[in-house]
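Reviewing the structure listed below.
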């Protein structure tokens with residue numbers, strides 16, 4: 013699973029010399045594998061962004077909270093119904109395709 017993501021450029025391996033304990037600017041996300049037999053992605057990682065350590069807050073507490081986009085779904089569906097032609101798309105593993113700033117990568121580390 014992770015070798016494929018590394019080859020696709022989704023994740024990157026860091027130099028073993030740069031593996032340092034968690035501290036200011038460094039955070040390791042806990043994760044586990046989620047298995048779904050009846051899915052196109054049978055195994056996927058699930059990261060726990062709400063996990064805290066003794067000395068640090070969770071990564072979720074550090075991220076700016078955005079708008080609740082779920083509230084917009086009824087309005088979007090109503091607009092969709094007015095047009096003659098509708099276009100749908102399924103973005104493959106969209107969350108894993110999000111690019112990060114170089115300065116943010118150290119707070120989203122995980123071990124595998």
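Numbering (our numbering), first residue to last: 13 to 124.
Where is the CB? At the ideal position from N, CA and C, for every residue including glycine.
Note that the structure is a prediction, hence the values are computed from the model and not measured.
Between the beta-carbon of residue i and the beta-carbon of residue j, is there less than 7 Å?
i           : j           : result
residue 79  : residue 72  : no
residue 14  : residue 124 : yes
residue 58  : residue 46  : yes
residue 122 : residue 41  : yes
residue 116 : residue 37  : no
residue 26  : residue 17  : no
Name the DSSP beta bridge partners of residue i, please?
i          : result
residue 57 : 45
Return the CA-CA distance between residue i and residue j, expressed in angstroms with no decimal places.
i          : j          : result
residue 48 : residue 56 : 8 Å
Over the uninterrupted alpha helix (DSSP H) stretch that includes residue i, give me the two end residues.
i          : result
residue 66 : Run containing residue 66: none; DSSP gives neither H nor E here.
residue 85 : 85-94
residue 15 : 14-19
Using a Cβ-Cβ cut-off of 8 Å (strictly less than) and excluding sequence neighbours within five positions of residue i, which residues of its own chain qualify?
i          : result
residue 54 : 47 and 48
Beta-carbon within less than 6 Å of residue i's beta-carbon, same chain only, minus the 5 sequence neighbours each way: which residues are those?
i          : result
residue 28 : none
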